[in-house]
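Worksheet: one structure, shown below.
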Amino acid sequence: MANMPSTPSPSRTTCGSLLRELQIIWDEIGESDSDRDKMLLQLEQECLDIYRKKVEKTRKYKADLHQSLAEAEAEITNIVSALGEHASFSRGRGTLKEQISAIKPILEELRSKKQERIKEFSEIQSQVVQICAEIAGNGQSSLSSDPQVSESDLTTKKLGELKSHLLELQNEKIFRLQKVNSHIKAVHELSAVMSIDFSKTLNEVHSSLTDPSGSQSKSISNDTLARLAGVIHTLKQEKQQRLHKLQDLGRTLVELWNLMETSLDEQKRFEHVTSLISSSVDEVLRQGCLALDVIEKTALEVEQLNVLKASKMKELVFKRQIELEEIYNGVHMDVDSHAARQILISLVDSGNVDLSDLLSRMDDQIAKAKEQALSRKDILDKVEKWRYATEEEKWLEEYERDENRYTAGRGAHKNLKRAEKARNLVSKIPAICENLTTKVKAWEMEKGIPFLYDKVSILHSLEDYIVLRQEKEEEKRKLREQKRLQDQLAAEQEARFGSRPTPKKPLGQSTSANTVVGTPTGRRVATPSGRHGISSAGKEHRDGRINNIIPVNYVALPKDDSVSRGT
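Mapping to the working numbering: the sequence shown position 366 is 492, numbers consecutive.
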């Protein structure tokens with residue numbers, strides 16, 4: 127058995143050693159030369175294929191390196207363009223691996239910068255999308271998806287525009303939030319005034335408006351703002367309606383209180399209602415003042431007072447009649463009280479007249495009576511002055527007829543002073559009468575009715591007084607002439623017979639016992655009967671010239687009743 131050649135170690139194995147080993151094996155096998163040539167040719171072909179593959183692979187690797195280098199350069203160019211930077215890059219010299227090693231750090235740095243810019247864009251766009259979603263009213267649904275960032279334009283200019291847009295949206299959000307808070311405040315104030323459930327009202331608009339935890343941001347959408355504005359409008363209308371209703375009830379309360387003469391303590395229970403009568407809608411801010419229970423309680427009080435009013439209306443009607451009579455009597459206007467009361471009793475007992483309407487018309491008539499009284503005041507003052515002057519004139523006549531007026535005695539000094547003042551006043555009587563006549567005629571022309579004083583025409587009284595005064599003046603003149611003739615006759619008798627006859631007692635000498643040392647008493651006290659005697663003496667002389675005025679009824683009557691009316 128032949129010894130086998132030892133196999134060389136792999137570290138020293140070469141193509142030549144392997145070929146020699148193959149020759150030895152072929153020799154042992156006994157391969158022919160042709161087979162050996164075929165095998166060698168095949169072996170050579172396989173070696174060429176291996177080398178060819180290796181070259182192709184290496185060529186491809188080189189192309190890949192060129193491709194990687196080109197892609198890196200293109201990526202750098204794109205990143206630089208996207209970032210808006212003006213940096214330039216040159217490939218440089220050296221092998222492909224050296225060039226790739228040189229460009230790799232630059233590319234990594236640009237990629238990092240690009241990612242940071244994309245992240246910044248993404249954060250800003252997320253905020254923009256979120257605010258837009260909140261304004262649109264779908265803020266929660268947008269949180270699940272991130273916004274897409276366009277990597278073609280990552281310049282600082284684009285970033286600045288996006289930031290400006292975000293700032294505008296943030297300001298819009300702040301404005302809307304302030305508007306929402308303002309609306310919420312308005313809703314709260316209106317709800318407080320009317321005692322309406324504030325939380326329930328807001329929850330019907332949007333649940334975020336009443337979130338106590340604050341985990342959910344308040345809705346600022348157009349829909350929320352519109353609904354809040356609608357709620358405020360509705361609440362304002364409700365407030366206005368409640369205020370008008372309460373004001374009407376308050377006015378009715380005041381009218382009923384005045385009719386019923388309700389005490390102030392009773393009225394204070396509804397002072398919070400009556401204080402709103404003259405208030406505008408914007409002035410009503412007190413909490414709960416327009417609550418439904420307040421309106422219901424006030425309406426119940428009005429209803430109860432109306433029940434009481436029906437039973438007391440008769441008494442109120444007669445009180446108004448008494449007030450009307452007092453006004454007319456106070457200014458000396460005629461009113462037939464008995465007839466007026468009989469008519470009122472008949473109206474009230476018949477039940478055919480609305481007592482509230484009757485009372486209202488009586489109030490109107492009282493107001494007219496007060497106006498008439500006011501229009502008569504100036505003339506009445508002058509009438510009183512005239513009456514006083516005539517009384518002083520009468521006193522002065524009695525005083526001057528008293529022969530003992532200058533006798534020293536108790537009260538004589540006062541009477542002298544009074545006489546001096548009376549003469550001064552009497553001298554003004556013609557001017558007083560003339561002025562009073564002018565005033566009365568002007569009043570009668572304006573009103574179209576005669577001016578009566580206790581059923582008597584003032585003009586007739588003045589005319590009678592003037593005639594009476596003229597008659598008195600004529601009588602005084604005759605007395606003076608008679609006295610002159612008597613004195614002349616006495617002088618002639620004395621001259622003829624040497625004696626003087628006892629003078630006769632002057633006509634009209636006072637013999638009243640109510641004088642002090644022969645002096646007439648003071649001014650006559652005015653009495654109701656004296657009012658009708660302003661010119662009683664004139665009436666006696668000229669009774670046919672004065673027409674008595676038929677008493678008129680001043681009570682308020684229904685329109686269908688025919689009752690005469692007068693001044």
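C-beta: ideal position from N, C-alpha, C; glycine also. Fair warning: this is a prediction, and the values are worked out from it, not measured in the lab.
Check: residue 471 C-beta below 6 Å from any heavy atom of the ligand ADP
This structure simply doesn't include the ligand ADP, nor any ligand for that matter.
Quick check on residue 509: does DSSP put it in helix, strand or coil?
Helix at residue 509.
C-alpha gap between residue 377 and residue 448, whole angstroms
Here the alpha carbon of residue 377 sits roughly 26 Å from the alpha carbon of residue 448.
Taking all protein chains shown into account, decide if residue 247 is buried (16 or more other Cβ within 10 angstroms of its Cβ) or exposed.
Under this definition residue 247 is a buried residue.
Classify residue 123: buried if its beta carbon has 16 or more other beta carbons within 10 angstroms, exposed otherwise.
Since the first and last residues shown for the chain are 127 and 693, residue 123 lies out of range.
DSSP-derived helix/strand/coil call for residue 431:
The three-state secondary structure of residue 431, taken from DSSP, is helix.
DSSP three-state call for residue 174: helix, strand or coil?
Reduced to three states, the DSSP call for residue 174 is helix.
Relative to the alpha-carbon of residue 386, which residue among 345, 441, 261, 283 has its alpha-carbon at the smallest distance?
Selected option, being the one with the closest Cα: 441.
Please classify residue 309 as buried or exposed, where buried requires at least 16 other C-beta atoms within 10 Å of its C-beta.
With 16 or more other Cβ atoms within 10 Å, it is buried.
Does the beta-carbon distance from residue 428 to residue 351 come in below 7 Å?
In this structure, residue 428 sits away from residue 351, with a CB-CB distance that is not shorter than 7 Å.
Backbone secondary structure at residue 583 - three-state DSSP:
Strand at residue 583.
Alpha carbon of residue 485 to alpha carbon of residue 551, nearest angstrom:
If you draw a straight line from the Cα of residue 485 to the Cα of residue 551, it comes to about 47 Å.
Locate the alpha helix (DSSP H) running through residue 556, then write down its first and last residues.
In the DSSP assignment, residue 556 falls within the unbroken alpha helix (DSSP H) covering 555 to 573.
Report the CB separation of residue 331 from residue 324 in whole angstroms; it is logged as a contact under 8 Å.
11 Å between Cβ atoms; not a contact.
Can you check DSSP and say which residues form a bridge with residue 578?
DSSP links residue 578 through a beta bridge to 583.
Would a C-beta distance cut-off of 7 Å place residue 499 and residue 453 closer than the cut-off?
In contact: residue 499 and residue 453 (Cβ atoms closer than 7 Å).
Please determine, among 407, 379, 405, 410, the residue with the shortest C-alpha to C-alpha distance to residue 396.
It is 379 whose Cα lies nearest to the Cα of residue 396.
Decide yes or no for the touch test of the region 544 to 564 against the region 490 to 497: beta carbon pairs closer than 8 Å, at least 3 of them.
Contact fails: fewer than three Cβ-Cβ distances are below 8 Å.
In the DSSP assignment, find the alpha helix (DSSP H) that holds residue 478 and state where it starts and stops.
Element bounds for residue 478: n/a, residue is neither H nor E.
Can you tell me whether residue 309 is helix, strand or coil according to DSSP?
Residue 309 falls in the helix class under three-state DSSP.
Under the rule that 16 or more other beta-carbon atoms within 10 Å means buried, what is residue 165, buried or exposed?
When all chains shown are included, residue 165 counts as exposed.
Residue 585 and residue 566: beta carbons closer than 7 Å?
Contact flag set, yes.
Which first and last residues belong to the alpha helix (DSSP H) in which residue 366 is found?
From DSSP, the alpha helix (DSSP H) with residue 366 extends over 348 to 386.
Does residue 516 come out as helix, strand or coil in the three-state DSSP assignment?
Three-state DSSP puts residue 516 in a helix.
DSSP state of residue 444 mapped onto helix, strand, coil
In the structure shown, the three-state DSSP call for residue 444 is helix.
Expressed to the nearest angstrom, what Euclidean distance is found between the alpha-carbon atoms of residue 541 and residue 528?
Near 12 Å, if we compare the C-alpha coordinates of residue 528 and residue 541.
Alpha carbon to alpha carbon, how far is residue 618 from residue 632? Give it in angstroms, no decimals.
Here the model assigns residue 632 a pLDDT of 45, short of 50, so the residue's position is not dependable, and the following value carries that caveat. Answer to the nearest angstrom: the Cα atoms are 20 Å apart.
C-alpha gap between residue 316 and residue 433, whole angstroms:
Residue 316 and residue 433: Cα-Cα distance of roughly 34 Å.
Decide if residue 359 is buried, meaning its Cβ has at least 16 other Cβ atoms within 10 Å, or exposed.
Exposed is the call here.
Can you tell me whether residue 411 is buried or exposed, with buried defined as 16 or more other CB within 10 angstroms of its CB?
Per the 10 Å Cβ criterion, exposed.
Sufficient close CB pairs (3 or more, under 8 Å) joining the region 342 to 349 to the region 292 to 310
Yes, the region 342 to 349 is in contact with the region 292 to 310.
Taking buried to mean at least 16 other C-beta atoms within 10 Å of its own C-beta, is residue 458 buried or exposed?
Classification for residue 458: buried.
Between which two residues does the alpha helix (DSSP H) containing residue 412 stretch?
Element bounds for residue 412: n/a, residue is neither H nor E.
How should residue 508 be labelled, buried or exposed, when 16 other C-beta atoms within 10 angstroms of its C-beta is the threshold for buried?
Within a 10 Å sphere around the beta-carbon of residue 508 sit 16 or more other beta-carbons, which makes this residue buried.
Starting from the C-beta of residue 202, find all residues in its chain whose C-beta is less than 8 Å away, skip the five residues before and the five after it, and write them out in chain order.
Within the same chain, and ignoring the five residues on either side of residue 202 in sequence, the residues whose Cβ sits closer than 8 Å to its Cβ are 215, 229, 232, 233, 236.
Residue 264 (DSSP reduced to helix, strand or coil):
Correct three-state label for residue 264: coil.
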